[in-house]
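When the letters of the sequence shown are read in order and numbered with our numbering, they come out as residues 315 to 723.
Backbone N, C-alpha and C fix where the C-beta goes; we use that ideal spot for every residue, glycine too.
Just below is one structure, and these are the notes that go with it.
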Amino acid sequence: MEMAQGMGRRAAAPREAQVTPPRTLTVLGATGSIGLSTLDLVGRDPDAFEIIALTAHRNVARLAELAIAHRARLAVIGEAHLYGELKDRLAGTGIEAAAGTEALVEAASRKADCVMAAIVGAAGLAPTLAAVRQGTRIALANKECLVSAGMVFMQAVAEAGAALIPVDSEHSAAFQAIDGAPGALIERITLTASGGPFRSWSHAQLAAARPEQALAHPTWSMGAKISIDSATLMNKGLELIEAYHLFPVEAHQLDVVVHPQSIVHCLVSYRDGSVLAQMAAPDMRTPIAYALAWPSRMDAPTERLDLVRLASLTFEAPDEERFPALALARQAMAAGGGACTVLNGANEIAVEAFLAGAIGFLDIAALVADTLDAAAAKGLFAPAQTLDEVLALDGQARALARSLLEGYG
Ligand code: NAD
Ligand code: MG
Numbered sequence: 315m316e317m318a319q320g321m322g323r324r325a326a327a328p329r330e331a332q333v334t335p336p337r338t339l340t341v342l343g344a345t346g347s348i349g350l351s352t353l354d355l356v357g358r359d360p361d362a363f364e365i366i367a368l369t370a371h372r373n374v375a376r377l378a379e380l381a382i383a384h385r386a387r388l389a390v391i392g393e394a395h396l397y398g399e400l401k402d403r404l405a406g407t408g409i410e411a412a413a414g415t416e417a418l419v420e421a422a423s424r425k426a427d428c429v430m431a432a433i434v435g436a437a438g439l440a441p442t443l444a445a446v447r448q449g450t451r452i453a454l455a456n457k458e459c460l461v462s463a464g465m466v467f468m469q470a471v472a473e474a475g476a477a478l479i480p481v482d483s484e485h486s487a488a489f490q491a492i493d494g495a496p497g498a499l500i501e502r503i504t505l506t507a508s509g510g511p512f513r514s515w516s517h518a519q520l521a522a523a524r525p526e527q528a529l530a531h532p533t534w535s536m537g538a539k540i541s542i543d544s545a546t547l548m549n550k551g552l553e554l555i556e557a558y559h560l561f562p563v564e565a566h567q568l569d570v571v572v573h574p575q576s577i578v579h580c581l582v583s584y585r586d587g588s589v590l591a592q593m594a595a596p597d598m599r600t601p602i603a604y605a606l607a608w609p610s611r612m613d614a615p616t617e618r619l620d621l622v623r624l625a626s627l628t629f630e631a632p633d634e635e636r637f638p639a640l641a642l643a644r645q646a647m648a649a650g651g652g653a654c655t656v657l658n659g660a661n662e663i664a665v666e667a668f669l670a671g672a673i674g675f676l677d678i679a680a681l682v683a684d685t686l687d688a689a690a691a692k693g694l695f696a697p698a699q700t701l702d703e704v705l706a707l708d709g710q711a712r713a714l715a716r717s718l719l720e721g722y723g
């Protein structure tokens with residue numbers, strides 16, 4: 315597949331950037347699944363890290379508790395009306411409190427050796443870009459940044475000389491297996507997918523799937539949005555786009571294979587026939603530890619692999635008929651950066667609507683497909699050149715998806 319102009323290409327080799335393990339750390343999205351796993355690791359070696367800032371969307375009690383436990387200098391709650399409650403909960407601790415979306419960006423801009431970008435969705439875009447612009451190490455979990463704003467994001471990474479270390483398990487695996495090798499040596503990168511909770515469900519079963527069934531992931535424990543994305547396989551589609559921006563290969567060199575055990579996370583095939591794969595138990599603390607300690611390694615208390623007990627690892631091709639989201643992501647990649655912004659925004663609306671019981675499971679991919687068609691008809695696929703343009707296009711995509719939503723359910 316040919317990549318349209320303007321997708322943007324990775325510009326910075328992380329190897330050239332900062333190589334001392336971080337001491338000071340900010341966690342954007344501290345109350346989420348990735349944020350809590352990060353703080354679990356930090357809490358096991360509290361002398362190794364100093365927390366600059368922790369942020370959350372609206373779970374003010376949990377945020378205050380984490381800020382106190384980890385002696386953060388600053389705690390920021392995204393919802394501005396929760397400022398008073400945060401301030402009260404932090405009274406007498408010496409921890410600074412702030413609230414609102416601008417405060418999130420300000421927290422991300424504070425000097426830190428590493429910023430863990432673990433907000434979910436395009437809401438993480440402005441704060442994560444602010445962190446990038448301080449030229450520090452970004453441990454990137456928030457994959458929607460690269461899907462929605464790949465070109466703008468990678469340009470900012472290059473300009474600031476930031477070290478971008480992927481946290482997504484497949485991309486951490488690829489980063490480790492590539493280890494700075496030039497693109498000319500790589501033939502193919504194969505991301506593995508668990509297949510999600512509905513891997514073997516029929517079309518009729520999928521049509522009736524309920525949110526609580528979609529949230530019950532067989533191998534990974536994750537936040538709600540990515541759990542639904544895993545059930546539709548949109549997560550793997552987003553990850554193809556993420557990989558395209560992170561690694562020196564073309565879109566046609568990126569592949570997906572279903573591997574229900576989630577032990578092998580990615581395979582990198584070289585031109586001499588060698589295939590380097592990374593394996594680990596399905597626990598995000600391994601890729602998080604890698605991003606925090608790179609280029610060194612730190613302890614992570616995860617289950618160790620017992621290959622004899624596992625006995626077999628299996629692989630199968632994804633079924634793109636039952637799971638059309640993968641093809642939609644490839645289609646958006648081929649159409650260019652603007653289409654990826656639309657794909658991401660529409661998917662966020664569709665997942666929200668499914669979780670709210672407003673649409674069925676199969677409607678998620680259908681709504682994304684309809685939004686892509688409607689956006690193409692309106693000529694909305696021009697790649698955005700700035701953060702403001704990305705946010706404007708993201709807003710248009712969401713509005714289109716919401717208006718199409720009325721025809722569903
Ligand atoms: P989560 O829903 O558990 O946590 C999200 C965090 O972001 C929370 O701290 C929440 O307070 C914050 N947040 C949400 N909306 C916000 C907003 N509008 N403004 C400010 N903060 C907001 O999500 P998660 O599972 O931890 O995932 C975080 C990111 O990491 C996602 O992009 C996801 O795709 C990616 N990721 C997660 C996993 C995983 O195992 N959980 C694996 C790979 C990648
Ligand atoms: Mg992943």
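Here DSSP, grouped into helix, strand and coil, assigns L529 to coil. In this structure, the ligand MG has no non-hydrogen atom nearer than 7 Å to the beta-carbon of D402.
Restricting attention to beta strand (DSSP E) runs no shorter than 3 residues, the region 434 to 458 encloses them at 451 to 454, ordered along the chain.
Between V429 and V704, the C-beta spacing is not below 8 Å. For I663, no beta strand (DSSP E) segment is defined; the enclosing uninterrupted segment is the alpha helix (DSSP H) at G651 to L669. With at least 16 other beta carbons inside 10 angstroms of its own, G551 counts as buried. If you look at H517, you'll find it isn't in any beta strand (DSSP E); it sits in the alpha helix (DSSP H) that goes H517 to A521. Listed in chain order, the beta strand (DSSP E) runs fully inside the region 383 to 438 are 388 to 391, 410 to 413 and 428 to 431, counting runs of at least 3 residues.
Assigned with DSSP and collapsed to three states, T700 falls in coil, not helix or strand. Contact check between the region 537 to 546 and the region 433 to 445: three or more CB pairs, one atom from each, fall below 8 Å, which counts as touching. Residues with their Cβ less than 6 Å from any non-hydrogen atom of the ligand MG, running along the chain, are D482, S483, E484 and E553. Separation of the CB atoms of S610 and P335 is rounded to 5 Å, and the pair is thereby assigned contact status at 8 Å.
The C-beta distance from A591 to L581 rounds to 4 Å, short enough to meet the 8 Å contact threshold. Going by DSSP, M593 is part of no alpha helix (DSSP H) but of the beta strand (DSSP E) stretching over V589 to M593. For D402 and S423, the gap between their C-alpha atoms comes out near 25 Å.
Proximity of the beta carbon of V434 to the ligand NAD is indicated: a heavy atom of the ligand is located closer than 7 Å.
Judged by DSSP secondary structure, L547 falls outside any beta strand (DSSP E); it is assigned neither H nor E. Remark: the shortest separation between the CB of I348 and any heavy atom of the ligand NAD falls under 7 Å. According to the DSSP secondary-structure assignment, L624 is paired through a beta bridge with no residue. Take S576, set aside five residues on each side of it, and the residues of its chain with a beta-carbon closer than 6 Å to its own are S508, T533 and P596, in chain order. The beta carbon of N456 sits closer than 7 Å to at least one heavy atom of the ligand NAD.
Three or more beta-carbon pairs drawn from the region 619 to 634 and the region 564 to 572 are found closer than 8 Å, and the two stretches are therefore classed as touching. In the structure shown, R358 falls within a helical segment according to DSSP collapsed to helix, strand and coil. Of N658, I602, L355 and M598, the smallest CA-CA separation from L478 is found for I602.
Proximity to A641 across R599, L686, E662 and Q448 peaks at L686, based on C-alpha coordinates.
In terms of Cβ geometry, S483 and N658 do not form a close pair [threshold 8 Å].
Shown here, D684 sits in a helix according to DSSP, grouped into three states. Annotation: R337 to E720 spans about 50 Å, alpha carbon to alpha carbon.
If you check the CB distance, A378 and A394 do not come in under 8 Å.
Membership of L606 in any beta strand (DSSP E) is not indicated; the residue belongs instead to the alpha helix (DSSP H) covering R599 to A607.
Residue range V578 to Y584 is occupied by the beta strand (DSSP E) that includes S583. Residue environment analysis places G709 among the exposed positions, since fewer than 16 neighbouring C-beta atoms fall within 10 angstroms of its C-beta.
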